[in-house]
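Engineer: Could you have a look at this structure, given as structure tokens, before my questions?
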Amino acid sequence: MLGITYERSCIYIFNREQATFVYAWKWYFELETDTDILLAKADMALKKYKMHMVISNELLTRKEQVIVVNEQEKVTVCRDSTRAGAEVEYPMVELVVDRHSAYIKKFDA
């Protein structure tokens, strides 16, 4: 059985029975005031730091939406404004987990 734990910029997957490390998936956070600069820096971080994903926040809308960038796509993730107290982190984490699961399935096939 696999277990998952995470830090600020990495998800770690480990084998619970054998207590062995299986895989780490890295991402990078970028905060900027200009969307064009933000996306350029996100693309640069993907290449320079060999990240799997960059979570990009525009300063003025950082609590409302983020842009998740990987090599194939740029996805805008928004908080659910119909729910009181909803934060952008919840749908962001769902997207990261979804993309990570799809990434792992490529290697299981």
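Residue 1 is where the sequence shown starts when you use full-length UniProt numbering, and the numbers rise one by one after that. Even glycine gets a Cβ: it sits at the ideal position worked out from N, Cα and C.
1. Taking its Cβ as the centre, do 16 or more other Cβ atoms sit within 10 Å of residue 99, making it buried, or is it exposed?
2. Excluding the 5 residues preceding and the 5 following residue 87 in the sequence, name in chain order all residues of the same chain whose CB lies nearer than 7 Å to its CB.
3. Under 8 Å, do residue 46 and residue 54 count as touching if we go by C-beta distance?
4. Quick one, which of 48, 85, 75 and 51 has its alpha-carbon nearest residue 63's?
5. On the CB-based measure, 16 or more other CB atoms within 10 Å of its CB, does residue 44 come out buried or exposed?
6. For residue 76 and residue 39, I'd like the C-alpha separation in whole angstroms.
Structural biologist: This is what the structure holds:
1. For the purposes of this step, residue 99 is taken as residue 99 along the sequence shown, with counting starting at 1. It is buried - the Cβ of residue 99 has at least 16 other Cβ atoms within 10 Å.
2. The residue you call residue 87 lines up with position 87 of the sequence shown. Contacts found: 79.
3. In the sequence shown, counting from the first residue as 1, residue 46 sits at position 46. In the sequence shown, counting from the first residue as 1, residue 54 sits at position 54. With contacts defined by Cβ atoms closer than 8 Å, residue 46 and residue 54 form a contacting pair.
4. As a position in the sequence shown, residue 63 is number 63, starting the count at 1. The shortest C-alpha to C-alpha distance from residue 63 to any of 48, 85, 75 and 51 is the one to 85.
5. Against the sequence shown, residue 44 aligns to sequence position 44. The residue in question, residue 44, is exposed, as its Cβ has fewer than 16 Cβ neighbours within 10 Å.
6. If you number the sequence shown from 1, residue 76 lands on position 76. If you number the sequence shown from 1, residue 39 lands on position 39. Taking the straight line from one Cα to the other gives about 12 Å.
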